[in-house]
Amino acid sequence: MKKKAFLKLALASTLILLLASACGGNNTNNESANSTNEPATTTNTETDSTNTSTDEPAKEELPPVELLYYIPQPELQPDIASVEAAVNDYIKPKINATVKLMSIPFGDYDQKMNTVVSAGETFDMMWTSNWAFNYETNSLKGAFKDLEQLVKDYAPDFINSLPKAAVEGARNSQGKLYAIPNYQIIAQGGGFVVQKEMAEKYGLDVSTIKTYKDLEPFLEKVKAGEPDKIAFGSRTNTFVPYMYGFDGLGGIEYRTGDPNYKLENVLASPEYLAHHQLLYDWFKKGYVNKDVATANFADYQKAGKIVSFYEWTLKPGGEIEMKQNMGGKDVIFIPLYEPRFSGVQPTMTAISNTSKNPERAMMFLNLANTDPVLFNLLAFGVEGKHYDKLDASHIKVKTDGGYAPNVAWAMGNVTIGYLLEGQADDTWPKTIELNNSAMVPEIWGFQFNQEPVKTELANMDAVYKEYEAAVTTGAVDPNEYIPKLVDAMNKAGSEKVLAEKQKQLDEWLASKGKK
Amino acid sequence: MIRTGKQSSFVEMWINLLFILVALSMVVPFLLVIAISLTSEEAILTKGYHLIPPAFSTDAYRYIFKSPMILIQAYWVTILTTVIGTIASLALTSMTAYVVSRKDYRYVKPTTFYIFFTMLFSGGLVPSYILITQYLHLKDTIWALILPGMLSPFYILIMKGFIGEIPKELIESSKVDGASEWRIYFQMILPLSKPALATLGLFISFNYWNSWFPALLYINSEKLVPIQLLLTRMMNTINFLTTSAQFMSGLSIDTSKFPNLSARMAMTVLAAGPMMFVFPFFQKYFVKGLTVGSLKG
Amino acid sequence: MRKRIASEWRHFKKNHELFTLGIPGVLYILIFSYLPMIGIIMAFKNFHYDKGIFGSEWTGFKNFEFFFVSEYAFRITRNTVLYEIGYIFFTTVFALLFAVLLNEISRKAVKVYQTALFLPHFLSWVVVYYIVFTLLDINNGILNKLLIAVGLESHDWYMESGPWPYILNVVALWKRIGFSALVYYAGIIAISPDYYEAAKIDGATRFQIARKVTIPMIMPLIMILLILAIGGLISGDFGLHYFVPNGALAGMTYPTTDIIDTYVYRALTKIGDVGMATAVGLFQSVVGLILVLCANLWVRKINPDNSLW
């Protein structure tokens, strides 16, 4: 009896407190909602956009604001404060704003941002992508501000300078623009990376390598001649549907040229089986390390033990970066297929729905993507302190300077920035050229909305990861395990998901007049 | 304790032998961690793991001490939170535990259930985050590292078990003498439960020492990052980047700069090491506790 | 009615000192534990950031669906419960044994052993993973070298599911024994020596003393720890089950290592749905509560002094 009475009391008091906090929560929501439409700034924007440079007239009219900017970095930079100071000195006269750089290590970024966003915290800008702090799901849940008008008002030149497909690909499944791309290579042309020294030693004729199979004689020689090395570093998920007669987007694949765009479950295709049979064969022949499914690829790679492997994106000038990761060994790239447009979603910047100054945030983002001075400050720090200039376009990063995040791609438009020591002069023009010439998939711009099938997707994710490492590296017999994988995925609901994808695709195609 | 000649020392020998074996199984892996932290990365990959480094190297420690200020700062934050947190937590825990250990207290059952219920149910991360950042405004303060987890229901209940062992008659006779509950708590319960306080103090200080999650959530300022967060971040980032390699292809991450295995081990040694010196300090009280406990009456 | 209130007030006045002594703790728990519990309603909502916890739309039990329709719901629940039973059983038995044995030897030696026993408690699960890896690694692993040395076949441990129930139980015991043994030992040394002397006068042997004096004296402590552990029967140890079998690359061991917590983590990292995560947490809590209530009832029936409330 007494217990019940007490519980009632406890419940009542908690409820009161809950209500109090509920009101508080609503207030903050209202505030942020109000701040979205400020008449003063909208009139302002018209004058801005007629002007060629968006920043000049802003000088006197804008009240000073501080922008909170969450960025991921591989590790925290001890001297980020001096970068922040230099950035603020530079942007203050231009947009009368200062920025606070909130650097979060990559490993924490998802956790931290999910919490910050869920809690409805007030901040201005954040990095987002399709592989960490997911753009699509967060955009559907209302984490970001719709940028359509803001971009038109404050960053028209930048957005117009991008390929049309790039902007198209920055939209979410509802067709809304919730983030702007951090522009860089957006075409994916995968292929083999081979240690140069080994390729020369064993007479690898690059021109003969067109498929996986062609690499086999070389691997055999390496295996025989270099017992300490790993001839082929097999990695997870190297089955690229476009190499095997599929077209479409990641996870949305149909046979190339199919007029009906009938989606297929790639995992159940004979090509998928064949690809992994080959990898399993290599595994059995000892070209691949026997702990491939459970070992850390980067550890072997760093030690220079991996002679060749498949890389999803071979980018212009990428050999230099790759060399760092290969234990200082020079590499050659062997492209296996024509670069395809892969989109901008791997790295974008969004404005928070809770931002009180979205206009200023957009002005800042516009500068970060069009003004080399600001971009270089953000990406590389202060000259002389964090890097040395080698010539007009090349720099050498000081590793102990206190700011060497080495993630220029997360900060803005890399094509306006410096080149690293050793990168070819024409790296950026070549990148842009590649982006513009890359084959754009026919259903580009279609984005799958996961909401209706998220129950199935959650279970499919869990199931897939059970088989992923072992099956896709070729460490287990695909004849036995791929049917198991397909079966488990079916039970988790892959057919329902495929049907939903087909349904959404058909609707999209109809709206575009393609079907 | 109860020694009766030859046979007993024979039994003791066997017990000692057993514990020596068990102790070795606990110590050797730890020594291995230290050994790996002192082995050159090259030797780890080619020769494997050895208790005596085949190729001695202090590179790992040099890598970490690259920026010593960060490390010193982190130690300071950790020590501060551990000391303040442990004292505050012990006071609160023992006070609450004493109340629910008194079987004659009218509200003992509802209170115990009230405490216990929070062991099973929690509202999750988001509401706690909102509470601490938006209502208590503790973000980027040392209190954000101390307050969450200051009172663990588990420890209250363990403490309750300990205090429950104190003979009831003791408390009753004090009450007859006219002592207030506060006096009984301070002058009798606290001194009598020294072994328990030492044990719980040890656990609590370990928790504070090893805690990193509140810091991950609530700390943005470099100056308040505790040592464990440095370690965890290192591990998290390595883990994360290796599992996302496929998606990051084309974005370029310089993995060569990441701490290798020996550096990760060195960081572990640095993060866990100092607590080893704290342990004996607490142990002193275990023995003392016994003599105080026997003062009965 | 008035009479009841009056009598209640009399009781309260009699207890008010203890009541005030309990206020700080009760308040702390109210603020830091009960207040955030509003978050539980997210389990029944399609949580949208811009609408907040209260504004998001209700979805009934939809968030629970993914877990219960899963083909693996049985497998992961079975694994979770069986492992927890194993951990509780072995840890309790060995910790009690060690605590009793420690009480039999000289205090100086105890200090050394205690420090050693407690060492694994220092290490995070990630580090434990590295230590276990030095044993199980296919290339340089010490265990494989031993197996080969005695003429047995080497194993690729991280690719097999069979050995993991043993490995995980050993690792869990290794890591947890120090903590539990310390708790029990602290309980034992707090026992008044009078009891021992009385037993000694009666001519009891060491074994008899342990069985008739030591264990019964710390029974309340054992029961509290057991009841609490039973509450966690369906909430597994994420760190142990995620990191030790090789983190994200543990796929082949899932048949025997996968538990509810690791499964949910895997299923929801990409989708990042707060509601679904909360739903599973709530399910675990409710089951835990039921288990504890049953356990407590049972304990109370046997000996009311040992029950939690």
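One line per chain: the protein sequences are A, B and C, in this order.
Mind the numbering: the first sequence is residues 902 to 1416 in the working numbering, read in order.
Mind the numbering: the second sequence is residues 2 to 298 in the working numbering, read in order.
Mind the numbering: the third sequence is residues 9 to 317 in the working numbering, read in order.
Note that the Cβ used here is the ideal one computed from N, Cα and C, for glycine as well.
Exercise. Given R18 (chain C), which residues of its chain have a CB within under 8 Å of its CB, disregarding the five upstream and five downstream residues?
Worked result: none
Exercise. What residues in its chain sit with their C-beta under 6 Å from that of W1329 (chain A), if we drop five residues either side in the sequence?
Worked result: T1316
For this session: Look at the Cβ atom of P32 (chain C), then the Cβ atom of L132 (chain B), and state whether they are nearer than 8 Å.
Result: no
Problem set entry | S933 (chain A) to E25 (chain C) span [Cα, whole Å] | Any answer about S933 (chain A) is weak, because its pLDDT of 37 lies below 50 and its placement is not dependable; what the coordinates show is given next. For S933 (chain A) and E25 (chain C), the distance between alpha carbons rounds to 48 Å.
Exercise. Any idea which residues DSSP pairs L1078 (chain A) with across the strands?
Worked result: Answer is A:R1072.
Problem set entry | Per-residue contacts from R274 (chain C) into chain A (C-beta, under 7 Å) | D1362, A1363 and K1366
Exercise. Using a threshold of 7 Å, is the CB atom of M96 (chain B) nearer than that to any non-hydrogen atom of the ligand SAH?
Worked result: With respect to the ligand SAH, the structure offers nothing, as it holds no ligand at all.
For this session: Thinking A198 (chain C) and V28 (chain B) are a contact (beta carbons under 8 Å), I'd like their distance in whole angstroms, please.
Result: Their Cβ separation, rounded to whole angstroms, is 28 Å, which puts A198 (chain C) and V28 (chain B) out of contact at 8 Å.
Exercise. Taking Cβ to Cβ, would you say P54 (chain B) is nearer than 8 Å to L39 (chain B)?
Worked result: In contact: P54 (chain B) and L39 (chain B) (Cβ atoms closer than 8 Å).
For this session: Measuring only between beta-carbons, confirm whether N938 (chain A) sits less than 8 Å from chain C.
Result: A caution first: N938 (chain A) carries a pLDDT of 36, below 50, which makes its placement in the model too unreliable to give a value.
Exercise. Who are the neighbours of W317 (chain C) on chain B, taking C-beta pairs under 9 Å?
Worked result: What W317 (chain C) touches in chain B: V101, V109, K110, P111, T112, T113, F114 and F117.
For this session: Examine chain B for any beta-carbon lying closer than 8 Å to the beta-carbon of Y101 (chain C), and answer yes or no.
Result: Residue 101 (chain C) is actually Val in this sequence, not Tyr. Not an interface residue.
Problem set entry | Same chain, Cβ closer than 8 Å to V1398 (chain A), five either side skipped, listed in chain order | V1354, E1357, L1358 and M1361
For this session: Determine the chain B residues that contact M284 (chain C) at a beta-carbon separation under 9 Å, and present them in chain order.
Result: The contacting residues do not exist; M284 (chain C) stays about 12 Å from chain B at best.
Problem set entry | For K1286 (chain A) and V1189 (chain A), the rounded distance between their alpha carbons | 44 Å
Exercise. What do you reckon, are the CB atoms on S58 (chain B) and S41 (chain B) nearer than 8 Å?
Worked result: yes
Problem set entry | Beta-carbon spacing of S1243 (chain A), F1024 (chain A) below 8 Å | Taking 8 Å as the Cβ cut-off, S1243 (chain A) and F1024 (chain A) do not qualify as a contacting pair.
Problem set entry | 4-residue-minimum alpha helix (DSSP H) runs that sit fully inside the stretch 1218-1250 of chain A, ordered along the chain | 1219-1226
Problem set entry | Span of the alpha helix (DSSP H), counted from its first residue to its last, around H1295 (chain A) | Taken as a continuous stretch (DSSP letters only), H1295 (chain A) belongs to no alpha helix (DSSP H), being part of the beta strand (DSSP E) at H1295 to V1298.
For this session: Since I believe G1318 (chain A) is in contact with F1276 (chain A) (beta carbons under 8 Å), could you give me their beta-carbon distance rounded to a whole number of angstroms?
Result: 5 Å
For this session: May I ask which residues mark the beginning and end of the beta strand (DSSP E) holding Y1188 (chain A)?
Result: No beta strand (DSSP E) contains Y1188 (chain A), which DSSP labels as neither H nor E.
Exercise. Any idea which residues DSSP pairs L1150 (chain A) with across the strands?
Worked result: Paired residues: A:I1153.
Exercise. Are Y1010 (chain A) and F1034 (chain A) closer than 8 Å when you measure CB to CB?
Worked result: yes
For this session: Please compile the residues from chain B whose C-beta is within a distance smaller than 8 Å of the C-beta of A1071 (chain A).
Result: What A1071 (chain A) touches in chain B: nothing, since even the nearest Cβ is about 16 Å away.
Problem set entry | Alpha-carbon to alpha-carbon, G1043 (chain A) and L297 (chain C) | 35 Å
For this session: Find the nearest neighbour of Q1085 (chain A) within the set A:P1064, A:I1110, A:R1261 and A:Y1079, judged by alpha-carbon distance.
Result: A:P1064
Exercise. Thinking C-alpha only, which one of A:L1215, A:L1237 and A:R1156 is nearest K1114 (chain A)?
Worked result: A:L1237
For this session: Please name the residues in the stretch 122-135 of chain C whose beta-carbon is closer than 9 Å to at least one beta-carbon of chain B, in chain order.
Result: Q122, T123, A124, L125, F126, L127, P128, H129, F130, L131, S132, V134 and V135
For this session: Tell me whether the beta-carbon of Q1 (chain B) lies closer than 8 Å to the beta-carbon of A264 (chain B).
Result: Since the displayed chain B opens at 2 and closes at 298, residue 1 (chain B) lies outside it and no answer follows.
Problem set entry | Buried or exposed by the 16-neighbour rule on C-beta atoms within 10 Å, applied to K1203 (chain A) | So K1203 (chain A) ends up on the buried side.
For this session: Starting from the beta carbon of F20 (chain C), find every residue of chain A whose beta carbon is closer than 9 Å, and list them in chain order.
Result: Residues of chain A passing the Cβ test: none, with the nearest at roughly 11 Å.
Problem set entry | Inter-residue spacing [alpha-carbon to alpha-carbon] between D1182 (chain A) and I1110 (chain A) | In a straight line, the C-alpha of D1182 (chain A) is about 18 Å away from that of I1110 (chain A).
For this session: Give the C-beta separation of S102 (chain B) and I37 (chain B) to the nearest angstrom, bearing in mind that I take them to be a contact with Cβ-Cβ under 8 Å.
Result: That pair is no contact at about 46 Å.
Exercise. What residues from chain A crowd round F1 (chain B), counting only those whose CB sits closer than 7 Å?
Worked result: This structure leaves residue 1 (chain B) out entirely; chain B is present only between 2 and 298.
Exercise. In whole angstroms, what separates the C-alpha of T85 (chain C) from that of I242 (chain C)?
Worked result: 7 Å
Problem set entry | Euclidean distance between Cα positions of Y136 (chain B) and K1013 (chain A) | 19 Å
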